[in-house]
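Chemist: Chains A, B and C supply the protein sequences, listed in that same order.
Letter by letter, the first sequence follows residues 1 to 320 of our numbering.
Letter by letter, the second sequence follows residues 321 to 826 of our numbering.
Letter by letter, the third sequence follows residues 827 to 1138 of our numbering.
Below you'll find the structure I mean.
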Amino acid sequence: MIAFLRSGFSTRRSRNGLWGVPLVIVVLLVAVLTLATEQFATRENLFNLVAQAMPLLIAAIGQLFVIIVGGLDLSVGSVISFSTAILSLDAPAVVLIPAVFVLAGLVGLINGLVITRLNVHPIIATLAMQYILLGITRILRPVSGGDIPQIIISAVQGSFLGLPMPVFWGVIAIGLAAKLLYGTRFGLHLFGIGGGVAAGMEDAARNFGIRVDRNIVLAYVACSLFAALAGVFLAGRIVSGDPNVGLLFELDAITAAAIGGTQLSGGVGSLHGTVLGAVILALLANGMNMANISPFVQTAIKGGLLLAIVGLQSRKKMGL
Amino acid sequence: MFDGQQEYLVEMRGISKAFGPNRVLRDVSLCLRPGSVHALMGENGAGKSTLMKILAGVHKRDKGLIRMNGVDLNLPSPREALSAGISTVFQELSLLPNLTIAENMFLGREPQTRTGAPDRRRMRAETAAALAELDLKLDPDQLVSTLTIAERQFVEIAHGIKADASVLILDEPTAALNAADVEVLNRSIRNLRAKGRVIVYISHRMDEIFGICDEVTVLKDGQYVGTRAIADVTPDQLIAMMVGRELADLFPARAGNLAQPVLELRGFKAAPKARAFDLTLHQGEILGLAGLEGQGQQRIMRALIGRHPVFGGSLHLHGQALKFPNRANGIRSMARLGLGFVPEDRKEEGLMLGLSVAANLVIGLHAEKPAVAPARALRDVVQRMSDALRIKTASPATPVGALSGGNQQKVLLGRYLAQGLKVLVIEEPTRGVDIGAKSEIYGLLRDFTNAGGAVLVTSRETVELIGLCDRLAIVHGDTVVAEMPAGQATEHGILAAALTTEGVAA
Amino acid sequence: MNPVLRRLAAVPPAYYVFALLLLVLWIARPNMLNPNVLGIFVRQVVPLGILVLGQLLVMRVRSIDLSGGGVILLINYIITSRTFPEASGLMFILMALAIGGAVGLLNGYMVAKRRVSAVIVTLAVSIILVGLVQFLSSGKPPGDVPKYMNEIFDIKYGPLPLPVLFWLGCTALMWLALQRSVYGRYVEAVGENAEAAAFSGVPVERTVVAAHVLAGLIAAVAALVQTGSIAVGSVRVGLDLPILAVAATILGGVVFGRGEGGVWGPFFGVLSFALLFVVMTVFGIDDPGKLIAQGVIILMAAILYGWRSKRG
Chain A
1 MIAFLRSGFS TRRSRNGLWG VPLVIVVLLV AVLTLATEQF ATRENLFNLV AQAMPLLIAA
61 IGQLFVIIVG GLDLSVGSVI SFSTAILSLD APAVVLIPAV FVLAGLVGLI NGLVITRLNV
121 HPIIATLAMQ YILLGITRIL RPVSGGDIPQ IIISAVQGSF LGLPMPVFWG VIAIGLAAKL
181 LYGTRFGLHL FGIGGGVAAG MEDAARNFGI RVDRNIVLAY VACSLFAALA GVFLAGRIVS
241 GDPNVGLLFE LDAITAAAIG GTQLSGGVGS LHGTVLGAVI LALLANGMNM ANISPFVQTA
301 IKGGLLLAIV GLQSRKKMGL
Chain B
321 MFDGQQEYLV EMRGISKAFG PNRVLRDVSL CLRPGSVHAL MGENGAGKST LMKILAGVHK
381 RDKGLIRMNG VDLNLPSPRE ALSAGISTVF QELSLLPNLT IAENMFLGRE PQTRTGAPDR
441 RRMRAETAAA LAELDLKLDP DQLVSTLTIA ERQFVEIAHG IKADASVLIL DEPTAALNAA
501 DVEVLNRSIR NLRAKGRVIV YISHRMDEIF GICDEVTVLK DGQYVGTRAI ADVTPDQLIA
561 MMVGRELADL FPARAGNLAQ PVLELRGFKA APKARAFDLT LHQGEILGLA GLEGQGQQRI
621 MRALIGRHPV FGGSLHLHGQ ALKFPNRANG IRSMARLGLG FVPEDRKEEG LMLGLSVAAN
681 LVIGLHAEKP AVAPARALRD VVQRMSDALR IKTASPATPV GALSGGNQQK VLLGRYLAQG
741 LKVLVIEEPT RGVDIGAKSE IYGLLRDFTN AGGAVLVTSR ETVELIGLCD RLAIVHGDTV
801 VAEMPAGQAT EHGILAAALT TEGVAA
Chain C
827 MNPVLRRLAA VPPAYYVFAL LLLVLWIARP NMLNPNVLGI FVRQVVPLGI LVLGQLLVMR
887 VRSIDLSGGG VILLINYIIT SRTFPEASGL MFILMALAIG GAVGLLNGYM VAKRRVSAVI
947 VTLAVSIILV GLVQFLSSGK PPGDVPKYMN EIFDIKYGPL PLPVLFWLGC TALMWLALQR
1007 SVYGRYVEAV GENAEAAAFS GVPVERTVVA AHVLAGLIAA VAALVQTGSI AVGSVRVGLD
1067 LPILAVAATI LGGVVFGRGE GGVWGPFFGV LSFALLFVVM TVFGIDDPGK LIAQGVIILM
1127 AAILYGWRSK RG
C-alpha cells in the first residue's frame, strides 16, 4: 500500500503518472472546504456534490481511453448533448436507451475509422464530428425540452441502501473501466500503443503483433460509449433533452484527466488519477458556488486551469 | 527446385523491394538450414536490414517468394510473421518504454487468466526465468524506460528467444554490448542452435561472425553476392565479397602538410564520467572520429552545435575562444561563425522531402538573413551547386524526396557548401548512397578542404573513414583514446586501439 | 492515375466547391447573381476572410489557432461597452492590436516553447476570454457600435464594398509576405519538416511564435471589421469564426504543414462559405444544417488530404 502510494509521486516506478499530487490536492481541498464553510460537510451538499461530479467523471474516464493511445476526442460534449436529445424523443425507454448506446458506439466507430483508416489527425476528425453531431442534435431538439423516460430519472435521482444513486453509477463506470484498462489484454495494448506514440516509435506496437488500428478504433468507441453514459445520467438529472448541456464537456474531461497525471502525449495515465482529477474539478466548482463566484468566471478559471496543466506537460514535438 | 523440405527451413528467393525511386533489393535470395547460425553481411545500405524486415513482416516485398517448411508464406504484417514462428530483434530499439520488462516480453501474446485478464503472475515468472538464462538480474516489473541501453538490448534478445520461434533474426545485437555480454549472448545462441532453430545474425564484427556462425550470405548494393560455409572462407575473402572492388580507387588523394588549427577542443568532456580529451582540426584536414558504433562520436559532434550537453572543457574556432553553444540557437550561432553541421538522418533531420531541390539548397542561405528581408530566388546558386555536385534531377523544382539517395545526400551537402562555411561537421557522409555517388561525395569533401575548409566526420563504415580521412581519432567511452594517421590505420588496428582502453569510463 | 487527373486532383477543393455553389445559385436563383447582391454577401464574410489569413499562417507551421473567437468577442466588448468613453478610433485600433498581439504571444509561447497541444492552448485561451467578457457584461449585450465604424463599413466604390477591397488588399499582402520574404521560406521549411529546418539554421521556435503573434494581430483586425458590420455589441459575436476559418483554410488546400493552396485557395474557401450560406438560406436550411455542413466540409477536406499524403 505504501509502495503504491509512493508510486503516485514518481514516474519511474509506473506508467500511472503523477496521481499522488491530485490526491494531496483533493485532501487539501476537502480540508479547506470543511473548515472554511459550514455547508460543505453537510449530507445534502455531499450528495449534491456526487451528483454534480458524476457526468464529468464518467466522461473523463472515457476520454482517458483515447488519451492513453495518444489521441483526443473533442466530440465528447456533442455526444452527451446528443444522448439527452435522443432520450427526450417520444418513444419507449426500451427503444431509446439501447438506441443511445448504439448511436454513440457508431460515432466512436466513425471517429476511430476516420483517424486510423483515412489518416486524419484525431483532433480534426473529432472536431468535425463535434459540429456534425451538434447540428443533428439541434435538429432533434432545437431548445431544451421533451420528457426523459421515468426509469432513468429514478435511476439517477433516487437512493438505494441509504446511498444516493449517482454513487452506483460511479461504481459501475469505474469498475467497467478498471476491468477494460487493467483486466484485459486490450487495456495493456492501449498503453503499449500510446507508449510507442509518445516515444516517437509509431510502429513499435505493430511490430509486437498488436492490432494497432483495431485497438485505437475500440478506444474511440469506448470513449463515445462512456460519453453516452454521462449523457444518460445528465438526462436523468435535468429531466429534459438539451442541445447545449454537453458544451465544453470534452475540455473539462481532458482537464480532469490531465490534472490526474495523464500525459496527453500518450502511454502514461491512470484511472484513479483521472477520477481524482474529476473530483478536484467538482470540489472547485462546489467551493466556487458556495463562494458565489459567477459561473462565467468559473468557466474562465477552468480554462486557466487547463492551460496551466497542459503547460506543465512538456512534449517532444510541437503541433496540434 | 530441390528437396527443400529437408534441406532448408526458410527459403527467400528473388526478393525485390523499392522505396519510392530507391531500389533497395534486387532479386535477392537467402536460404536458411535448421540448426544453424547464418550470418548476413554487407556494407551499410547493402539491404540486410530491409531483407530481414521483409522476413519479419515489417515491409512488404514487391516481388519474390518466401517459403517456410516448403509452404509459401505471405507476410503482410509482423503479426503473421510472429505466428509463423519468425521472431526479430531489430537494430533500432523497439521496446515500449512505458511497459514493464514482463509486459514487453509477452506483448501481443499474453497468457490469460480465466477472467480474460493478462496472467501477470505467469508473465512475471517466465520473464524472470528467461532473464536468468541470460544471466540478467532485472526485476520483471521494472519499466523499460528505466533500463540502460545494454539492458534494453538484452531484454530485446530475451524477447526474441522467448517467442519460441523457429527463426530468430538478430540485427546487430551486440552494438551496445561489451565483451562479457557478447559471450553470454553467444551461449544462448548455441543453445538455440542445438534445439534446431535458425538464427540469422547480422553483424559487422568479424570475430563474432567467425566465432559463432555456420554460414554466411553476402549482399552488396541490394544484390545477392553469394553464400559460403564459414569454414570455407577467410575474413579477407568476405571483405572482398562485400566490397567487390579496390577500395583505394574510390578515395581522392589525402592532404599534404597541415596548416594552422581551425577547431580546437581542450579538456572536453562529452559525458559526466568520461575522461576529458583534446582534439584539434586543422585547415585543409579531414579528421575522422572512428571506433565502435555508439561510443560517443555523435555526442561529441552534436555537442559542437548545442545538441548535446557538454560537461567541461573549452572550444576555440579560428583561434577565438567560444562558449559552447546552447540547444536553442546553437546551429544558427555556429553557422554565423562558419561551422556547419550535416545531420545523419536525411529524412528526419536533413531534408525537407516535400520541398523542391532548389528550396532545400538555398534554405541555409536564407536562414542567415533576417526574417523580414526579401527572399531572392538565388537561381545562380542553385545552378552552381547543381553543376558542381552533379545533382541529377529533372528540374530544380522537383521535390527532393523524388531523388535517389545519392542525389539527396548531394543536395544536403550542397546546402552547407553553398553557405561558404569554413568547417563542416558531418555525421554520416554517405549513408544509403550508392558506390558511384559515394566516390563523388568523397571528391567533393576533398575539394572543400583543398580550398581551405576543414571537415570533422564520423561514419559507421570504418573503411570509409580510413580511406577518406587524413587523421583518425579513436573514440571509446565518450572520449578520444588514440589518434593515428588514416594512411596507416586498419580496421583491426582501430578496433584494437578502442578495445585495449576499455574500462576508462562508465 | 493519368497526369491530367492528377493535376485536377491537386487543385484545392475550394475552387470546385465555389464553382459548384455558383452553378447551384445560378440555377436556383439567377436573379441573385448580380454584383450588388453578391457584394453584400461577400461583405458579410470579410471578418472570416481576414481571420483566415492568420489561420492559414499558423496551419502552415503545423499549429492551429482557435482563440480568434475570444479575441473578437473581447475587442467587440471593449468598443461597444463604453468602458473607455473617451477613446478615439485610433485608440481602439491600438487596443485591439495590443490584445491580439498579447494573446498571440501567449499562444505562440505555449505552442512553440512549451510544446503544448495547440488546440488545447488556443481553446483554453478562448474559453478564458469568453468567460471574462460574459462576466463583465453579465451575459447582456454591452451597447451600440460607434456610428463612424458602421459608416466606414458601408462605404462602397461602385458595386465594390470597402471591406471587400480591404480584405483583398490584406490577402495580397499576405501572399506577398509568404511568397517574397525570408519569413515565408522559414514558414515553408518549418511546415515541411521542423527538425530539418532547425538543422538548416531556421529559427523554428521564433517562426512559430511569430506566426501566432501575426495570427493574433490579424484576429484583432478581423474583430474591428466585425464590429463595424454590426450595429449593437453582442456577447456571442464571432464565436463560430475560428472553426469556420479552419474549415475554409483546409478547403482552400492548406493543411497542417502543407501549403499547396497558397493564400488564394483559402480565399476561395471563404468565398465558398459566403455562397454556401446564401444557398442554404435559399433552400431554407437553418443553423443546425450549417453546423453539419461545417463539420462535413472539415472532415471531407481532411480526409482528402489524409488520403493524398498517404499515397504521395
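Glycine included, every Cβ here is placed at the ideal spot set by N, Cα and C.
It should be emphasised that the depicted structure is a prediction, and the values quoted were computed from it without experimental measurement.
Tell me the DSSP bridge mates of PRO719/B?
Modeler: DSSP lists SER676/B as partners of PRO719/B.
Chemist: LEU681/B and MET705/B - do their beta-carbons sit closer together than 8 Å?
Modeler: It is a contact, given that the beta carbons lie within the stated cut-off.
Chemist: Could you check what DSSP says for LEU70/A in three-state terms: helix, strand or coil?
Modeler: Note that residue 70/A is Gly in the sequence shown, not Leu. Coil, per DSSP.
Chemist: Going along chain C in order, which residues have a C-beta closer than 9 Å to the C-beta of LEU321/A?
Modeler: For residue 321/A there is no data in the structure shown, the boundaries of chain A being 1 and 320.
Chemist: Output the boundary residues of the alpha helix (DSSP H) element that contains PRO581/B.
Modeler: No alpha helix (DSSP H) contains PRO581/B, which is instead part of the beta strand (DSSP E) from 581-588.
Chemist: On the DSSP letters alone, give me the boundaries of the beta strand (DSSP E) that CYS351/B sits inside.
Modeler: Taken as a continuous stretch (DSSP letters only), the beta strand (DSSP E) holding CYS351/B covers 342-352.
Chemist: Please classify PHE910/C as buried or exposed, where buried requires at least 16 neighbouring CB atoms within 10 angstroms.
Modeler: Counting Cβ neighbours within 10 Å, PHE910/C comes out exposed, since fewer than 16 surround it.
Chemist: Tell me, please, which residues DSSP counts as bridged to PRO987/C.
Modeler: Looking at the DSSP assignment, PRO987/C forms a beta bridge with LYS982/C.
Chemist: Looking at the unbroken beta strand (DSSP E) that takes in THR521/B, where does it start and where does it end?
Modeler: In the sequence as displayed, the identity of residue 521/B is Tyr instead of Thr. Counting along the chain, the beta strand (DSSP E) containing TYR521/B begins and ends at 518-522.
Chemist: Quick check on the DSSP output: the alpha helix (DSSP H) that includes LEU932/C runs from which residue to which?
Modeler: Here the alpha helix (DSSP H) through LEU932/C covers 915-934.
Chemist: For a test of the three-state rule: what should DSSP assign to LYS667/B, helix, strand or coil?
Modeler: The answer is helix: DSSP assigns LYS667/B an H, G or I state.
Chemist: Whole angstroms is fine: what's the gap from LYS179/A's alpha carbon to THR435/B's?
Modeler: Distance between the alpha carbons of LYS179/A and THR435/B: 10 Å.
Chemist: On the CB-based measure, 16 or more other CB atoms within 10 Å of its CB, does PRO98/A come out buried or exposed?
Modeler: Classification of PRO98/A: exposed, given that the 10 Å Cβ count is below 16.
Chemist: In terms of residues, what are the limits of the beta strand (DSSP E) holding ARG333/B?
Modeler: Where ARG333/B is concerned, the enclosing beta strand (DSSP E) stretches over 330-339.
Chemist: Any C-beta of chain A sitting closer than 8 Å to the C-beta of VAL824/B?
Modeler: Legend: pLDDT at VAL824/B = 41, less than 50; position of this residue unreliable, value from coordinates given subsequently. Output row for VAL824/B: interface = no.
Chemist: For GLU446/B, report the span of its alpha helix (DSSP H) as first-last.
Modeler: Element bounds for GLU446/B: 440-453.
Chemist: If you measure from the beta carbon of ARG586/B to each beta carbon in chain A, is any gap under 8 Å?
Modeler: No, its Cβ sits nowhere closer than 8 Å to a Cβ of chain A.
Chemist: Check whether the Cβ atoms of SER349/B and ARG381/B lie closer than 8 Å to each other.
Modeler: Contact: no.
Chemist: Alpha carbon to alpha carbon, how far is GLY273/A from ARG15/A? Give it in angstroms, no decimals.
Modeler: Rounded to whole angstroms, ARG15/A to GLY273/A spans 11 Å at the Cα level.
Chemist: Checking contacts by CB at 8 Å: is GLN618/B closer than that to chain A?
Modeler: It does not: the Cβ of GLN618/B has no partner Cβ on chain A nearer than 8 Å.
Chemist: Spatial neighbours of VAL971/C within its chain, please: C-beta separation below 8 Å, excluding the five flanking residues on both sides.
Modeler: ILE905, THR906, THR1053, GLY1054, ILE1056, ALA1057, VAL1058 and GLY1059.
Chemist: State yes or no: is the beta carbon of ALA338/B nearer than 8 Å to at least one beta carbon in chain C?
Modeler: So no, ALA338/B is outside the interface.
Chemist: Could you tell me if ARG780/B is buried or exposed, where buried requires 16 or more neighbouring beta carbons within 10 angstroms of its beta carbon?
Modeler: It counts as buried.
Chemist: Closest Cβ-Cβ distance between SER943/C and chain A: below 8 Å?
Modeler: Chain A, which has a Cβ nearer than 8 Å to the Cβ of SER943/C, makes this yes.
Chemist: Please confirm if GLY1132/C has its CB atom under 8 Å from at least one CB of chain A.
Modeler: For GLY1132/C, the answer is yes, since a Cβ of chain A falls inside 8 Å of its Cβ.
Chemist: Return the CA-CA distance between LEU931/C and ALA913/C, expressed in angstroms with no decimal places.
Modeler: Their backbone Cα atoms lie some 25 Å apart in a straight line.
Chemist: Taking 8 Å as the limit between beta carbons, can you name the residues of its chain near LEU958/C, skipping five residues before and five after?
Modeler: LEU900, listed in sequence order.
Chemist: Since MET201/A meets chain B, which of its residues come closer than 7 Å, beta carbon to beta carbon?
Modeler: Neighbours of MET201/A on chain B, chain order: SER414.
Chemist: For ALA450/B, collect the residues of the same chain with a Cβ closer than 6 Å to its Cβ; drop the 5 residues on either side in sequence, then sort them by chain order.
Modeler: Once the five neighbours on either side are set aside, the close Cβ partners of ALA450/B are ALA478 and LYS482.
Chemist: Check whether the Cβ of HIS121/A lies closer than 8 Å to any Cβ atom in chain C.
Modeler: Closer than 8 Å: yes.
Chemist: To the nearest angstrom, how far is the alpha carbon of ASP242/A from that of GLY135/A?
Modeler: Spanning the two alpha carbons is a distance of roughly 13 Å.
Chemist: Let me make sure I understand the geometry here. Which of LEU1097/C, LEU955/C and VAL945/C has the alpha-carbon closest to that of ALA928/C?
Modeler: Taking only the C-alpha atoms, the option nearest ALA928/C is LEU955/C.
Chemist: Could you pull out every residue in the same chain whose Cβ sits closer than 6 Å to the Cβ of LEU1162/C, ignoring the five residues on either side in sequence?
Modeler: Examination of residue 1162/C is not possible in this model, given that chain C is present from 827 through 1138 alone.
Chemist: Buried or exposed for VAL279/A, going by 16 or more other Cβ atoms inside 10 Å?
Modeler: Buried, because 16 or more other Cβ atoms sit within 10 Å of the Cβ of VAL279/A.
Chemist: Look up VAL502/B in the DSSP assignment and say whether it is helix, strand or coil.
Modeler: If DSSP states are grouped into helix, strand and coil, VAL502/B belongs with the helices.
Chemist: Which residues, taken in chain order from the stretch 299-312 of chain A, show a beta carbon closer than 8 Å to some beta carbon of chain C?
Modeler: Within the stretch 299-312 of chain A, the qualifying residues are THR299, ALA300, ILE301, LYS302, GLY303, GLY304, LEU306, LEU307, VAL310 and GLY311.
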